[in-house]
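Peer 1: For the sequence shown, my numbering begins at 915 and goes up steadily by one. Every residue gets a Cβ at the ideal spot worked out from N, C-alpha and C, and that includes glycine.
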Amino acid sequence: MIQEIHPHRFNNHYQPGKQPEDHDFVLYYQDKTVLLKDKGLEAELPRTRDFAEIPPEQEFIFLFTLDETPCFLTWNLPDGIGTGLVFRDIHFFRNTWQKEIAWACLAGLHLRDWYFANRYCGQCGTATCHKPDERALVCPACGAIAYPKISPAIIVAILCGDHILLARGNDFPGAWYSLIAGYADIGESLEEALVREVREETGLDVWNIRYYGSQPWPLSGSMMIGFTAEADDRQTLQIDHKELADAAWFQKDALPHHPPALSIAGEMIEKFERGKL
Ligand SMILES: [Zn+2]
915 MIQEIHPHRF NNHYQPGKQP EDHDFVLYYQ DKTVLLKDKG LEAELPRTRD
965 FAEIPPEQEF IFLFTLDETP CFLTWNLPDG IGTGLVFRDI HFFRNTWQKE
1015 IAWACLAGLH LRDWYFANRY CGQCGTATCH KPDERALVCP ACGAIAYPKI
1065 SPAIIVAILC GDHILLARGN DFPGAWYSLI AGYADIGESL EEALVREVRE
1115 ETGLDVWNIR YYGSQPWPLS GSMMIGFTAE ADDRQTLQID HKELADAAWF
1165 QKDALPHHPP ALSIAGEMIE KFERGKL
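1) So who's on the other strand from serine 1092, going by DSSP bridges?
2) Starting from valine 1109, trace the alpha helix (DSSP H) in both directions and tell me its first and last residue.
3) Measure from the alpha carbon of isoleucine 1015 to the alpha carbon of each residue in Ala957, Ser1134, Arg1110 and Leu1169, then state which is nearest.
4) Do three or more CB pairs link the stretch 1077 to 1088 to the stretch 1031 to 1050 at distances below 8 Å?
5) From which residue to which residue does the alpha helix (DSSP H) around aspartate 1027 run?
6) Can you have a look at tryptophan 1131 and say buried or exposed, based on whether 16 or more other CB atoms are within 10 angstroms of its CB?
7) Counting pairs of beta carbons, one from the stretch 975 to 986 and one from the stretch 917 to 934, are three or more of them closer than 8 Å?
8) Which term fits cysteine 1056, buried or exposed, when burial requires 16 or more other beta carbons within 10 angstroms of its beta carbon?
9) Taking Cβ positions, are alanine 1143 and isoleucine 1072 nearer each other than 7 Å?
10) Examine ligand 1 and report whether any of its heavy atoms sits within less than 6 Å of the Cβ of cysteine 1043.
11) Does the distance between the C-beta of threonine 1040 and the nearest non-hydrogen atom of ligand 1 fall short of 6 Å?
12) Give the DSSP-derived three-state secondary structure of glutamate 1144 in the structure shown.
13) What number of angstroms, rounded off, separates the C-alpha of phenylalanine 1167 from the C-alpha of lysine 1190?
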């Protein structure tokens, strides 16, 4: 999965007051692109020293540490952009072997989106400040505190013997089939969200719900929480066409095109294919 970057290490322990040094990494985004050092087939994260001139008022926000190197977010591109720096679509993570760089860019994007969305207090509209002792934004006028937001979503492999239920979302690229997924709503447990989502999207009743694992998915600010569940494939499928173009049972040895194991969905489908789920 995308967050698995061994032997590299991602450490999101927040370091209050941390200021960037010459060799530290700088993450700068424009929409869904990130600034990288173009080294031919490879890419590198730019370091502070790669920018010719950084004005003293340039704002840097400490994000996390990749291996031993602190990573900082900045909002404005310092003047004198160095040579060899290029913007890359954030989706480069799907095709790169440099998993640690892709993961730093993705996790940084989630934080960038959160910091940007909370520049102003949701209670009174005053500009927020960084809380000095932890990762949070605080309102100097009313004291409201905003903590990083993650949206929990269930994702479920529905099984019946050697068949798995896969669905093709209306917005899926190409002819991909994947697992049923959906956000947990306020007031329900993950298991209740799962039962509701499966029933809404396919009309199926499921049982024997078991936790599989989880995956942060920074592009949508989500935490995907994976489960397996059983269903009877003789139940009538009632597909919600507002969400799904198709849903069907597939036999283990005849699975359709599906996402790769970068995502928890792809990993679970591939494990089912190998009889390991
Ligand atoms: Zn306020």
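Peer 2: Reading from the atomic positions:
1) According to DSSP, serine 1092 bridges with Ala1081.
2) That run of the alpha helix (DSSP H) goes 1104 to 1116.
3) Taking each of Ala957, Ser1134, Arg1110 and Leu1169 in turn and checking the Cα distance to isoleucine 1015, the smallest one comes out for Ala957.
4) By the C-beta criterion, the stretch 1077 to 1088 is judged not to be in contact with the stretch 1031 to 1050, since fewer than 3 inter-stretch pairs fall below 8 Å.
5) Membership of aspartate 1027 in the alpha helix (DSSP H) is indicated by the continuous run 1013 to 1031.
6) Looking at its Cβ environment, which holds 16 or more other Cβ atoms inside 10 Å, tryptophan 1131 is buried.
7) Verdict: yes, contact present.
8) Flag for cysteine 1056 reads exposed.
9) Going by C-beta atoms, alanine 1143 is nearer than 7 Å to isoleucine 1072.
10) For cysteine 1043, the CB stays at least 6 Å from every heavy atom of ligand 1.
11) Result yes, Cβ under 6 Å from ligand 1.
12) In the structure shown, the three-state DSSP call for glutamate 1144 is strand.
13) The sequence as given places aspartate at residue 1167; phenylalanine does not occur at that position. Taking the straight line from one Cα to the other gives about 13 Å.
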